[in-house]
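Residue numbers (this note's numbering): 19 to 143.
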Amino acid sequence: MDIANMNEVDLERYVTRIMLDMGIPAHLKGYHYLREAIILSGKDMEAVSSVTKLLYPTVAKRFKTTDQKVERAIRNAIEVSWTRGNIDTFEELFGYSVGTGKGRPTNSEYIARIADKIRLDVRDL
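Written out as structure tokens, the structure is:
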């Protein structure tokens, strides 16, 4: 199965489950922006190579805000998850975690890695 053919509700539910496992609090604006960015990137991996020109503006338009606010809110959500999230989940997805002393992943690394995981998982269904 291809991610583009997956039911929108099921896809959103799957992404949400991963994000909660990563420790991203649902009350943050960045949580909602990040989920949308991951779904868009999963459907079109080219979006990740053009985060500032394509992805942030698309998410901003959907939520009636600015690209800069989307970028900042996503960065904040990632920082929160990096410090409070499940270390085992980070190890599994990124190959490292806060415990290894490496810095947190960038917004685009974070989005790309989760989008790729989802794309591969859905393909295996």
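C-beta: ideal position from N, C-alpha, C; glycine also. Keep in mind it's a predicted model, so treat the numbers as computed, not measured.
Between the beta-carbon of residue i and the beta-carbon of residue j, is there less than 8 angstroms?
{"i": "A78", "j": "T84", "result": "yes"}
{"i": "I57", "j": "E30", "result": "yes"}
{"i": "V27", "j": "I129", "result": "no"}
{"i": "S99", "j": "G60", "result": "no"}
Could you check which residue in the options has the C-alpha nearest to that of residue i?
{"i": "I96", "options": "S67, G48, S68", "result": "G48"}
{"i": "A55", "options": "D142, R131, V98, D139", "result": "R131"}
{"i": "T101", "options": "K87, K120, Q86", "result": "K120"}
{"i": "P43", "options": "L138, P123, G103, E127", "result": "G103"}
Assuming the contact rule is C-beta atoms closer than 8 angstroms, residue i and residue j should be a hit. Round their C-beta distance to whole Å, please.
{"i": "Y51", "j": "I92", "result": "5 angstroms"}
{"i": "L46", "j": "N94", "result": "7 angstroms"}
{"i": "A145", "j": "M63", "result": "Absent from the model: residue 145. The displayed extent of the chain is 19 to 143, so no value can be given."}
{"i": "N87", "j": "L111", "result": "At residue 87 the sequence reads Lys, which differs from the Asn that was named. Not quite, the Cβ-Cβ distance comes to about 26 angstroms (not below 8 angstroms), so this is no contact."}
*Go through the region 87 to 137 residue by residue and report every complete run of the alpha helix (DSSP H) that reaches 4 residues or more, in order.*
105 to 112
*Taking the runs of the beta strand (DSSP E) that are 3 residues or longer, which of them lie wholly in the region 36 to 67?*
none
*Hey, is the region 98 to 107 in contact with the region 30 to 40, meaning 3+ C-beta pairs nearer than 8 angstroms?*
yes
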